[in-house]
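A short write-up of the structure that comes next.
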Amino acid sequence: MDVSDLKIFIDVMQKGSFAAVARDRNIDPSSISRTIANLEKTLKLKLFQRSTRHLVPTEAGLVYFNRIEGIVEQLEQANNEAIDSGNQVTGILRITVPTSFGLTHFSALLPNFLTLYPQLSIEILMTNTITDLLEERVDVALRLGRLDDSSLIAQKLFNINYVICATKKYLSEFPRPTSPEELMNHNCLIFPIQGYTSRWKFRNIQAQIKEIAVKGRCSITNSLAIKQLVKADLGVALLPGWTIESELADNTLIDLFPSYDVTATDFDISGWLIYPSRKYLPHKVRTFVEYMKQHCSIT
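In UniProt numbering, the protein residues as written are 1 to 299.
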């Protein structure tokens, strides 16, 4: 009996349909149906009651699932440990990364990583959607911001700071704000996505916090697009520091409030690597996590 057939059976039990498993594996649903039919023929019992609308496990199917789920997991663990013993990083590593960070920082780390591990393949999903790691078979997620409580394992990579900035040319036309309240007289570029607000927050050295309602002519759901507009002298922006490191260093953009901590979301947030909690963490995941901890530094 092929272990891969048993894994398909377990997936069907967990997801409740041939179509869902077929989508995850990028194969035709008829292939999943044939696999289950062959398994039933080998076992000489019916695992599912099928209809045009429903797929319901039989009592025998439930008993079989409860007995083999842990066994198959242990077998996979034994196989992985045997592979690890050869110190080879192999297989396919599925990663999800926020789009802007993926374009500006993460993609720059990939060439060296792929050169170090030539037998490893990677699949990268750049998205700002919070992906269900288990459903999408993602090995590792890089996430920015405050984390929700979950059973996932999180390792901190870096702190995230925000900067309110503008160009010298813009400030030559519109007086530089000397207090947060004066931002109400400026064209502010807004980032209108869930978790962010049009109320910019300021925290001084005494940890006192004030919020300023800002407004402007343009709102964009991508920080890199906002960066292009602020560099084009079109207003004031609040951006993650990692998006404008070089522009701040060469004074293309000016930090307007260096004595404050600023944000449009939460203070004291970070960048994280997230992965499912498992008794055994695959060698490819451990290798990637260690690589990112060594090389992904944000100031």
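Glycine included, C-beta positions come from ideal geometry on N, C-alpha and C.
Which residues DSSP lists as bridging residue i, in chain order
i    : result
S270 : N159
C165 : A237 and D255
A200 : Residue identity check: residue 200 is Trp in the sequence provided, not Ala. Bridge partners of W200: I212.
T263 : K201
S219 : I190
R143 : W272
A154 : I274
Backbone CA spacing between residue i and residue j [nearest angstrom]
i           : j    : result
P111        : P177 : 43 Å
N128        : T104 : 14 Å
S31         : R23  : 11 Å
E124        : Y280 : With the sequence shown as reference, residue 124 is identified as Ile, and Glu is not the correct amino acid for it. Cα to Cα, I124 sits roughly 22 Å from Y280.
Q208        : Y260 : 10 Å
A237        : D250 : 17 Å
P282        : L43  : 31 Å
I95         : N26  : 17 Å
F9          : S150 : 27 Å
A60         : R67  : 11 Å
K231        : T252 : 7 Å
C296        : G102 : 12 Å
P118        : G91  : 10 Å
V214        : P175 : 16 Å
K41         : T115 : 46 Å
R34         : C188 : 59 Å
I122        : G70  : 27 Å
K210        : I193 : 21 Å
N79         : D2   : 14 Å
residue 345 : D28  : No answer is possible for residue 345: the residues shown for the chain start at 1 and end at 299.
G64         : P276 : Looking at the sequence provided, one finds Tyr at residue 64 rather than Gly. If you take the alpha carbons of Y64 and P276, they lie about 25 Å apart.
V21         : N185 : 55 Å
T52         : Q294 : 52 Å
A225        : Y170 : 17 Å
I298        : V262 : 17 Å
K15         : S246 : 46 Å
D233        : G271 : 29 Å
L62         : Q74  : 19 Å
L39         : Q49  : 14 Å
Cβ-Cβ separation, residue j to residue i (assumed contact under 8 Å), whole Å
i           : j    : result
L147        : A154 : 6 Å
L93         : D139 : 5 Å
K201        : I254 : Wrong, their Cβ atoms sit about 20 Å apart, outside the cutoff.
T287        : V89  : 5 Å
F191        : S223 : 6 Å
R203        : F267 : 6 Å
L120        : I274 : Not confirmed; about 20 Å, so no contact.
L6          : V72  : 5 Å
P57         : L45  : With 8 Å as the limit, P57 and L45 do not qualify as a contact, their Cβ atoms being about 12 Å apart.
I269        : I160 : 5 Å
T197        : A264 : 6 Å
residue 335 : Y291 : Residue 335 falls outside the range modelled here, since the chain spans only 1 to 299, and no answer is possible.
I212        : P180 : 5 Å
Given residue i as reference, the closest of the options once Cα atoms are compared
i    : options                  : result
S4   : E76, A108, P98 and K284  : E76
L183 : E247, G102, G216 and E73 : G216
C218 : L224, I209 and L229      : L229
F158 : P192, F174 and L144      : L144
K156 : V21, S17, F18 and V289   : V289
E173 : V163, Y196 and G235      : G235
G241 : L114, F113, C165 and I68 : C165
L239 : L171, Y162 and R67       : Y162
L55  : K284, M13 and A213       : M13
L248 : T265, K227 and R53       : K227
A37  : F106, F18 and I193       : F18
S100 : N79, M126, A78 and F113  : M126
R137 : V262, Q294 and V285      : V285
CB contact below 8 Å: residue i versus chain D
i   : result
T52 : Looking for chain D here will not work: only one protein chain is present.
**Request:** Enumerate, from N- to C-terminal direction, the unbroken beta strand (DSSP E) stretches of 3 or more residues contained entirely within the stretch 64 to 132.
**Result:** Runs of the beta strand (DSSP E) lying entirely within the stretch 64 to 132, each at least 3 residues long, are 91 to 97 and 120 to 126 in chain order.
**alpha helix (DSSP H) runs contained entirely in the UniProt domain "HTH lysR-type" (1 to 58), provided each spans 4 or more residues** = 3 to 15, 18 to 25 and 29 to 43
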